[in-house]
Amino acid sequence: MTSKRADVLVDVDWAQEHLEDPNVVFVEVDEDVSAYDGGHIAGAVKLDWKSELQDPVIRDFVSKEDFEALLSTKGISNDDTVVLYGGNNNWFAAYAYWYFKVYGHSDVRLLDGGRKKWELDGLPLSTDAVSRPAATYTAQEPDTSIRAFRDEALAAIDTLNLVDVRSPDEFSGKLLAPAHLPQEQSQRGGHIPSAVNVPWSKAANDDGTFKSDDELRALYADAGVDDGRDTIAYCRIGERSSHTWFVLRELLGHENVKNYDGSWTEYGSLVGVPIAKGA
Amino acid sequence: MCGAPSQGQGLEGVDLSTETVIQGEVTRDGSPVPAAYVRLLDASGEFTAEVQSSAQGHFRFFAAPGSWTLRVLSAGGRGEHSLVANRGLNEAQLQLDG
């Protein structure tokens with residue numbers, strides 16, 4: 001199997017060589033939406049995963065028309081190479097990558113290691129305001145072959161690969177949220193029955209870069225993820241599972257992998273569905 | 280509710296009767312270290328969460344009672360600290376070396 005890595009992932013050297021490339025747009029997406037303002041890669045535009053990528057009323061993506069307007073305003077064109085990066089080991093950058101793919105952007109890549117690798121390497125950050133001339137962006141109809149909804153998650157029990165990428169304590173039900181957030185949550189604790197627990201963090205090195213293809217293949221094979229079956233990945237709200245979706249589909253080339261962005265926040269709140277507890 | 284909370288030591292709005300808060304300061308030679316990556320590992324050494332220290336070197340996690348390890352990584356060095364946390368406030372100081 002040939003690696004797709006070069007098509008979907010760039011390293012910090014490549015990034016530094018393409019800062020002035022007119023066909024490359026760097027886009028920062030963080031969980032901490034104030035991080036960009038404290039310093040960003042020179043020329044990078046900011047995308048707010050919450051206020052710009054989520055519908056303000058219902059829990060869903062923004063519409064195709066609103067996504068087109070957003071990217072047009074940001075100065076992103078259909079033929080641009082979009083390089084996404086961010087904090088938290090690229091969780092929200094990976095979410096944005098998956099989101100851009102749902103709306104059909106052709107050339108989108110992740111900066112390996114994101115902000116963390118950039119900072120640990122001591123590379124420069126800029127506080128200069130960035131403005132790009134407005135573009136005219138046209139999105140595709142949403143590609144639901146990479147997005148799972150609740151009924152599919154339920155139907156996948158004992159049938160498809162279900163990969164729960166949260167930490168072991170969230171999987172077992174001991175914690176209800178990742179431990180940098182308060183634990184007061186409304187949903188029940190536990191995981192979807194038959195899911196295997198492969199924390200997203202096992203796919204990353206300490207500096208936030210992805211592990212090698214060989215290490216990644218062994219990780220999922222050892223956990224019992226059968227690459228001959230379709231896969232649904234989930235976490236709490238769909239951002240960490242975007243990271244794993246990226247590994248399985250974009251790096252390892254598994255064919256039918258969906259991200260369930262409703263994730264545990266939705267599943268753990270459904271009435272009457274089965275829940276498994278413990279390791 | 281989903282955005283990363285700012286890292287600080289103030290406990291306004293935190294319910295210490297239900298939360299197990301682990302918080303503290305990253306220092307090097309007695310001075311606070313901002314923007315260090317502080318990682319929370321569970322009793323088996325598995326990654327549980329990671330935050331960046333504030334301008335004052337502060338960090339905070341919302342965990343559960345039990346054994347935890349804090350590991351800090353920054354351009355200025357590394358450090359590690361283990362603790363047993365109880366419900367309520369648990370404070371930990373992380374000193375960088377190397």
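Chains as they are written, first to last, in my numbering: chain A, 1 to 279; chain B, 280 to 377.
Backbone N, C-alpha and C fix where the C-beta goes; we use that ideal spot for every residue, glycine too.
Rounded to whole angstroms, the Cβ separation of A:Y85 and A:R115 is 6 Å, and the two are in contact under 8 Å. About 18 Å separates the beta carbon of A:L270 from that of A:R147, a gap too long to meet the 8 Å contact definition. Rounded to whole angstroms, the gap between the alpha carbons of A:N256 and A:R229 is 8 Å. Annotated three-state conformation of A:W49 is coil, per DSSP. One finds D206 in chain A with Cβ atoms closer than 7 Å to the Cβ of B:L352, taken in chain order. Classified as exposed, A:A279 has fewer than 16 neighbouring CB atoms from the shown chains inside 10 Å of its CB. Residue-level contact by beta carbon holds for B:V330 and chain A, with a gap shorter than 8 Å. Take A:R132, set aside five residues on each side of it, and the residues of its chain with a beta-carbon closer than 6 Å to its own are G75, in chain order. Per DSSP, reduced to three states, the secondary structure at A:K174 is coil, with no helix or strand assignment. Taking the CA atoms as reference points, A:E184 sits about 43 Å from A:T136.
Comparing alpha carbon positions, the residue from B:T348, B:A343 and B:Q374 closest to B:G358 is B:Q374.
For A:Q16, the enclosing alpha helix (DSSP H) starts and ends at V12 to E17. When DSSP states are grouped into helix, strand and coil, A:D222 belongs to the helix group.
Contact note: A:Q183 reaches chain B through T297, E298, T299, F341, A342 and A343, using a C-beta cutoff of 9 Å and chain order.
For A:T159, the closest C-alpha among the options A:A177, A:N90 and A:T231 is that of A:T231.
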